[in-house]
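Q:
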Amino acid sequence: MNNKKKILKPLLHASIAACVASMSGYLSANEQTPIKIGMMLPFSGVYAGLGEAARNGLKQALKENQNTISGRPIEFIEMDTEAKPARAPEITSSLVDNQKADFIVGPVHSGVAMGMIKSIKGKDSIMIIPNAGANAATGAFCQPNVFRTSFSSWQTAYPMGKEAFDMGYKKVVTMSWNYGFGKESLAAFNESFTSAGGEVVKKILVPFPKTEFQSYLTEIASIKPDAVFVFFAGGGAVKFVKDYDAMGLKGKIPLLGSGFLTEGTTKAQGPASEGVITTLHYADSLDNAKNTTFRQQYQEQYGKPADLFSVQGYDAGQLIIDAVTATKGNTADKDALIKQMEQLEIDSPRGAFKFSKAHNPIQNVYLRKVVDGQNTVMKIAQQNLEDPARGCKL
Amino acid sequence: MDSSFYLVQLLNAVQYGLLLFLIASGLTLVFGVMGILNLAHGSMYMIGAYLAYYFTFLTDNFFLAFLISGAIALIIGFIIERFLIIHLYKRDHLDQVLLTVGLIFVFNAIQSFVWGNDPLGVEVPSLLSGSIKLTDIIEYPVYRLFISGVCIVVAVGMYLIINRTKLGMMIRAGESDRNMVENLGVDISKLFTIVFAIGVLLSALAGIVSAPIVSLVPGMGEHVLISCFVVVVIGGLGSIKGAFVAALIVGLVDTFASVLLPEISSMSIYLLMALILLVKPQGLFKN
Amino acid sequence: MSVFSNKSEKLFIYIFFGIALFIPLFLNDNTFYINKIASIIILAIFVMSLDYLVGRTGLITLGHAMFYGLGGYIFTILAPEYEAVNFWLYTFYVMTASGFVALIVGLIVLRTNGIYMIMITLALAQMTFYYFADSVDYGGLDGLFIYVKPETSIFGLNFLDLDNETHFYYLCLLSLFNCFIFFKVIMNSSFGRIIDALKENPDRATALGYNIFQFRLIAYVIASSLASYAGYLFALQYGFVNPTMMSWDVSATALVMSLLGGLGTIYGAILGSFVYEGLHYTIEHLTEYWMFFMGSLIIALVLTLKNGLAGFLNSFSRGKSDE
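Protein chains in written order, with the working numbering: chain B, 197 to 590; chain D, 472 to 758; chain S, 437 to 759.
1. Tell me which residues share the same chain as Val402/B and place their Cβ nearer than 6 Å to its Cβ, disregarding the 5 neighbours each side in the sequence.
2. Which residues in chain D have a C-beta closer than 8 Å to the C-beta of Thr497/S? List them in chain order.
3. Is Asp570/S close to chain D, meaning its C-beta is less than 8 Å from at least one C-beta of that chain?
4. Under a Cβ-count criterion, where at least 16 other Cβ atoms within 10 Å of its own Cβ denotes burial, should Met651/D be classed as buried or exposed?
5. Could you list which residues in chain S have their beta carbon closer than 7 Å to that of Met744/D, in chain order?
6. Thinking Gly667/S and Gly507/S are a contact (beta carbons under 8 Å), I'd like their distance in whole angstroms, please.
7. What separation, rounded to the nearest whole angstrom, lies between the Cα atoms of Asn294/B and Gly722/D?
8. Taking one C-beta from the segment 702-721 of chain S and one from the segment 485-494 of chain S each time, how about it: are there three or more such pairs within less than 8 Å?
9. Got a sec? Which residues, its chain only, sit under 6 Å from Thr588/S by beta carbon, not counting five neighbours each side?
10. My understanding is that Cys608/S touches Leu662/S, with C-beta atoms under 8 Å, so please give their C-beta distance in whole angstroms.
11. Taking 6 Å as the limit between beta carbons, can you name the residues of its chain near Gly547/B, skipping five residues before and five after?
12. Taking its Cβ as the centre, do 16 or more other Cβ atoms sit within 10 Å of Asn327/B, making it buried, or is it exposed?
13. Taking just the CA atoms, how far does Ala542/D sit from Asp648/D?
14. Which residue comes first and which comes last in the alpha helix (DSSP H) that contains Arg635/D?
15. Return the chain-ordered ranges of every beta strand (DSSP E) run that is complete within the segment 702-734 of chain D and spans a minimum of 3 residues.
16. How many angstroms separate the CA atom of Glu387/B from the CA atom of Trp350/B?
17. So, with DSSP's three-state summary, where would you put Gly479/B?
18. CB-CB under 7 Å to Val695/D, same chain, minus the five flanking residues each way: which ones, in chain order?
19. For Gly455/B, return the contacting residues in chain S, with the cut-off set at a CB-CB distance below 7 Å.
20. My output table needs one value for Tyr766/S: the three-state DSSP class, helix, strand or coil.
21. So, helix, strand or coil for Phe476/D, using DSSP?
22. Which whole-angstrom value is the C-beta distance of Asn509/D and Leu500/D, which I expect to be below 8 Å?
23. Leu599/D and Val621/D - do their beta-carbons sit closer together than 8 Å?
24. Could you check whether the segment 265-273 of chain B touches the segment 562-580 of chain B, counting it as contact only if at least three pairs of C-beta atoms, one from each stretch, sit closer than 8 Å?
25. Using only the alpha-carbon positions, how far apart do Leu749/D and Val716/D sit?
26. Measure the Cβ-Cβ separation of Lys319/B and Val292/B and say whether it is below 8 Å.
27. Hey, Arg759/D and Ile684/D: beta-carbon distance below 8 Å or not?
28. Along the segment 407-425 of chain B, what residues have a CB closer than 8 Å to any CB found in chain D?
29. For Leu535/D, which three-state DSSP category applies?
30. So, helix, strand or coil for Glu395/B, using DSSP?
31. Which one of Lys620/S, Leu610/S, Leu479/S has the shortest CA to CA distance from Lys446/S?
32. Can you tell me where the beta strand (DSSP E) holding Met235/B begins and where it ends?
33. Are the Cβ atoms of Met555/S and Phe756/D separated by less than 8 Å?
34. Does any CB atom of chain D fall closer than 8 Å to the CB of Ala468/B?
35. If the cut is a Cβ gap below 9 Å, which residues of chain D does Ala383/B touch?
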């Protein structure tokens with residue numbers, strides 16, 4: 197009898213002590229220790245502007261929440277990917293293994309995304325993609341700990357196929373750079389355009405990142421299609437639209453594209469961009485309360501207008517805030533966080549959206565036209581469009 | 472494809488080829504006379520383009536920017552030769568490669584520091600911003616004709632200088648036999664400085680004149696450099712005539728391959744180079 | 437006869453491998469740092485092969501990265517997607533295949549000399565870059581993934597797990613060591629002496645009846661195969677290949693590392709790689725314009741320290757060496 201007591205009492209004391217210790221450890225860990233948000237974005241190179249916009253959006257969301265979530269402060273860790281896929285595994289490893297980041301927001305570039313996804317598989321960090329639109333990220337390579345607050349390339353190009361046919365175009369030439377995102381966009385357009393009854397008479401793939409389009413434009417002119425559908429972004433988009441005009445094709449052969457053709461490029465494109473029709477899940481001129489407030493505050497904070505990339509970064513921030521608030525500040529249990537994230541509805545400037553099972557936004561895609569240098573929304577091309585997530589096992 | 476397609480593509484090809492010649496001529500001139508392979512030649516193209524951007528922005532006048540940028544390029548060429556290249560004359564090829572690679576790194580850093588990494592563009596000057604109607608659909612931008620014009624003027628100018636002036640005579644003599652030229656009392660060091668500065672100017676000029684039709688991005692110099700190498704290797708190192716012919720051939724192959732053989736279009740000029748080398752390892756017009 | 441040419445080399449090799457052998461024990465399973473050092477070791481193998489080509493054989497190439505990329509790609513293409521193949525067998529395949537490519541490339545490229553060779557090797561590397569970048573089957577610009585790493589059994593004995601970062605590290609270190617010994621053996625052989633003679637005075641060597649072309653071709657094939665081996669290790673480390681492995685700046689950077697360490701010294705490749713990467717890592721955190729610093733350093737080195745760091749170190753032991 198005494199022997200039992202001799203063992204039980206200390207055991208009881210020890211267990212209580214352990215409970216108290218772990219609870220206080222838990223409490224203190226989760227009240228004082230910062231929530232680590234790593235940013236894997238391009239801060240140098242051709243995509244630097246997009247990286248910066250995503251970061252600005254992310255930080256604005258956190259700032260609106262007083263830079264804390266459930267009482268815990270935020271710690272940002274920035275790493276420059278230079279938009280180089282070869283750096284992805286090393287940087288991901290640094291953020292996940294070395295820095296033990298809770299969330300990693302990134303990347304911009306689809307090639308970097310693929311490298312990241314492979315490295316983050318099964319790890320104790322949650323990746324939120326604020327831009328990279330490669331279908332596979334929420335398709336064949338989808339992961340429980342990977343979310344996306346941007347789009348899939350399919351979503352931005354698929355709706356245009358039907359629209360183009362409805363506008364009366366039967367024979368179209370498609371053109372883009374010869375890399376993953378470009379090819380995916382053209383394939384998505386092809387899918388809906390041909391099933392509506394149209395014909396893609398020629399697909400032109402330009403070596404990336406070549407922006408010398410003369411010979412291709414000459415070819416298009418000799419084919420004389422009803423319309424042209426392209427994917428180009430950034431500097432390439434600026435050049436393409438201007439060259440299209442200079443070669444005399446504008447006004448004679450209508451130009452269609454996925455939204456990136458005219459995102460942030462209309463000023464540089466000048467009058468050449470007037471009348472270009474695109475599809476995208478956002479437009480600066482979207483008329484809803486959230487967008488108006490968001491754009492106003494962004495302009496005040498950063499001195500320049502918000503764009504698609506800042507919206508997506510902002511939504512990544514909102515996602516983190518809502519999820520961690522739902523788990524009352526607990527970031528140790530990643531599965532619980534993921535469960536919350538899957539159920540959340542994000543109040544985005546683009547319109548509220550939820551995530552598909554593959555963790556990609558189910559969102560509206562708008563048909564826009566450039567009028568007076570602004571992408572004006574003509575109609576909703578597709579409501580609540582869900583990416584088919586081909587190959588995803590979630 | 473109708474005949475207008477081929478004619479316009481020919482026009483595209485010639486314009487591209489002439490621009491390549493402008494750049495390649497500088498490289499081959501410097502090598503022919505001085506024996507120096509300047510890997511930073513592409514960086515000069517980039518600097519020219521960014522200077523044109525900067526001064527067009529500043530003065531709102533492209534033609535003024537053209538002149539100012541050209542003058543600055545000459546000065547840069549002078550400085551590089553006097554302070555750096557001058558040490559390479561008695562050294563081997565490897566040292567040339569390494570030093571000029573170092574220069575590439577330095578110029579890329581300067582470009583990034585001064586102008587940042589976002590793609591930049593220059594407006595086509597309004598005087599030249601129109602297009603000429605060629606067929607019922609196709610128009611051809613006047614500015615591209617202007618580029619071809621500039622290249623032709625430079626080519627003719629180079630021909631005249633090399634064949635009709637004393638400087639040209641020294642250049643030709645220096646290409647054949649450097650020591651002899653020195654023995655004849657020519658101030659070799661002054662000749663070298665002039666030639667190098669001209670080489671830099673030619674490359675920068677190509678950059679300046681291309682600025683309104685390309686996207687100014689980091690790395691634009693190296694891309695152009697490699698095409699330049701192909702031209703010079705095919706034409707024969709040191710031969711300006713060779714560079715002219717080779718540039719036009721490369722322009723033709725690149726332009727037509729891009730539309731007729733798209734799967735191998737990027738590789739086409741390298742395949743061409745390899746083929747020519749199998750038959751003529753020293754290029755078409757080796758001196 | 438000693439393997440080492442002089443005391444500095446001997447000292448460096450002992451110190452380097454001594455530290456490298458035990459450092460994982462001090463890193464406490466911090467996989468990030470173990471991987472980082474392993475990747476520099478892989479780079480050192482690549483640079484060493486380039487150093488042999490440029491520094492000892494006298495063949496200046498700006499397209500060496502072509503073989504680095506090919507090493508990774510050949511493995512990824514040959515190996516079945518979801519099966520663990522044998523590491524040693526595939527090392528043989530990769531090096532043989534790339535050796536074959538090197539033979540063909542060498543036949544084209546070695547007929548030229550000096551300046552031409554520089555430009556042609558660069559252009560051919562670019563061509564290979566575009567071949568993979570524009571390809572439909574080989575991943576294009578996004579590259580390809582390796583899903584299953586090879587297993588390392590020999591006659592049924594399996595002792596290295598390539599998924600374990602520390603094991604992989606030791607494999608790389610062992611490879612570097614073997615590479616170093618291999619080059620030393622070649623250099624001290626009669627083949628090596630002929631190569632030295634060819635570099636010193638090609639005309640004399642020809643007059644003596646040696647077929648320069650053949651010897652250079654052999655050296656080119658050897659160096660290129662080793663560069664491919666390095667690329668193969670790189671691909672295995674993160675399970676990923678990408679056309680940028682073949683871009684001109686990889687070749688140029690390797691040349692710079694070789695210069696930093698001392699051209700032609702072979703062990704300088706190790707020194708140069710670590711110094712370069714070390715500088716890169718530290719300066720990158722101070723300023724984003726580290727390229728300016730590196731470029732200026734290169735220019736300064738070319739103009740002053742003709743023989744790089746190893747040359748500088750070697751000069752301390754001159755007079756006591758076997759050289």
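Positions of the beta carbon are idealized from the N, C-alpha and C atoms, including for glycine. Please read these numbers as outputs of a predicted model, since none were measured by experiment.
A: Judging by the given coordinates:
1. Position 206 of the first sequence, counted from the start, is the residue given in the question as residue 402/B. Counting only Cβ-Cβ distances below 6 Å, and skipping sequence neighbours, we find Trp373.
2. On the third sequence, position 61 is the one that residue 497/S refers to. Within chain D, no residue comes near Thr497/S; the closest Cβ sits about 10 Å away, beyond 8 Å.
3. Within the third sequence, residue 570/S is the residue found at index 134, counting from 1. Yes, Asp570/S lies at the interface with chain D (some Cβ there is under 8 Å from its Cβ).
4. Here residue 651/D refers to the residue found at position 180 when the second sequence is read from its first residue. Exposed, since its Cβ has fewer than 16 Cβ neighbours within 10 Å.
5. Within the second sequence, the letter at position 273 stands for residue 744/D. The contacting residues are Ala559.
6. Numbered from its first residue, the third sequence carries residue 667/S at position 231. Numbered from its first residue, the third sequence carries residue 507/S at position 71. Their Cβ separation, rounded to whole angstroms, is 3 Å, which keeps Gly667/S and Gly507/S in contact under 8 Å.
7. Residue mapping note: residue 294/B aligns to position 98 of the first sequence, counting from 1. Residue mapping note: residue 722/D aligns to position 251 of the second sequence, counting from 1. Approximately 50 Å between the Cα atoms of the pair.
8. Contact annotation: the segment 702-721 of chain S touches the segment 485-494 of chain S, with at least three C-beta pairs closer than 8 Å.
9. For this step, residue 588/S is matched to residue 152 along the third sequence. Closer than 6 Å at the Cβ level, and outside the excluded window around Thr588/S, lie Phe523, Leu596.
10. Locating residue 608/S in the third sequence gives position 172, where the first residue counts as 1. Locating residue 662/S in the third sequence gives position 226, where the first residue counts as 1. Their Cβ separation, rounded to whole angstroms, is 13 Å, which puts Cys608/S and Leu662/S out of contact at 8 Å.
11. As a position in the first sequence, residue 547/B is number 351, starting the count at 1. So the list reads Asn560, once near-sequence residues are dropped.
12. Taking the first sequence and counting its residues from 1, the one referred to as residue 327/B is at position 131. That one is buried.
13. Numbered from its first residue, the second sequence carries residue 648/D at position 177. Numbered from its first residue, the second sequence carries residue 542/D at position 71. The straight-line gap from Cα to Cα measures roughly 30 Å.
14. Here residue 635/D refers to the residue found at position 164 of the second sequence. That run of the alpha helix (DSSP H) goes 613-635.
15. none
16. Counted from its first residue, the first sequence places residue 387/B at position 191. Counted from its first residue, the first sequence places residue 350/B at position 154. Their backbone Cα atoms lie some 10 Å apart in a straight line.
17. Walking along the first sequence from the start, residue 479/B turns up at place 283. The sequence given here has Ala at residue 479/B, not Gly. Ala479/B: coil per DSSP, three-state reduction.
18. Taking the first residue of the second sequence as 1, we reach residue 695/D at position 224. Around Val695/D: Ile494, Gly513, Tyr516.
19. For the purposes of this step, residue 455/B is taken as residue 259 along the first sequence, with counting starting at 1. Think of a sphere of 7 Å around the beta carbon of Gly455/B: no beta carbon from chain S falls inside it, the nearest being about 22 Å out.
20. Summary: the structure shown does not reach residue 766/S, with chain S confined to residues 437 through 759, and so no result is reported for it.
21. Counted from its first residue, the second sequence places residue 476/D at position 5. If DSSP states are grouped into helix, strand and coil, Phe476/D belongs with the helices.
22. Here residue 509/D refers to the residue found at position 38 when the second sequence is read from its first residue. Here residue 500/D refers to the residue found at position 29 when the second sequence is read from its first residue. Wrong, their Cβ atoms sit about 10 Å apart, outside the cutoff.
23. Taking the first residue of the second sequence as position 1, residue 621/D is located at position 150. Taking the first residue of the second sequence as position 1, residue 599/D is located at position 128. Their beta carbons are not under 8 Å apart, which means Val621/D does not touch Leu599/D by this criterion.
24. no
25. Your numbering for residue 749/D matches position 278 in the second sequence. Your numbering for residue 716/D matches position 245 in the second sequence. Taking the straight line joining both Cα atoms gives about 18 Å.
26. In the first sequence, residue 319/B corresponds to position 123, counting from 1. In the first sequence, residue 292/B corresponds to position 96, counting from 1. Closer than 8 Å, so yes.
27. Any question about residue 759/D goes unanswered here, given that chain D covers just 472 to 758.
28. Thr407, Glu408, Gln410, Ser411, Tyr412, Thr414, Glu415, Ala417, Ser418, Lys420
29. Within the second sequence, residue 535/D is the residue found at index 64, counting from 1. Reduced to three states, the DSSP call for Leu535/D is helix.
30. Walking along the first sequence from the start, residue 395/B turns up at place 199. Three-state DSSP puts Glu395/B in a strand.
31. Against the third sequence, residue 446/S aligns to sequence position 10. Answer by Cα proximity: Lys620/S.
32. Counting from 1 along the first sequence, the entry for residue 235/B is found at position 39. Here the beta strand (DSSP E) through Met235/B covers 231-237.
33. Taking the third sequence and counting its residues from 1, one reaches residue 555/S at position 119. Taking the second sequence and counting its residues from 1, one reaches residue 756/D at position 285. No, these two residues do not count as a Cβ contact at 8 Å.
34. Within the first sequence, numbered from 1, the residue matching residue 468/B stands at position 272. No, Ala468/B lies away from the interface with chain D (no Cβ there is under 8 Å from its Cβ).
35. Start at 1 with the first residue of the first sequence, and residue 383/B comes out as number 187. Near Ala383/B there are no residues of chain D at all, since even the closest Cβ is about 17 Å away, more than 9 Å.
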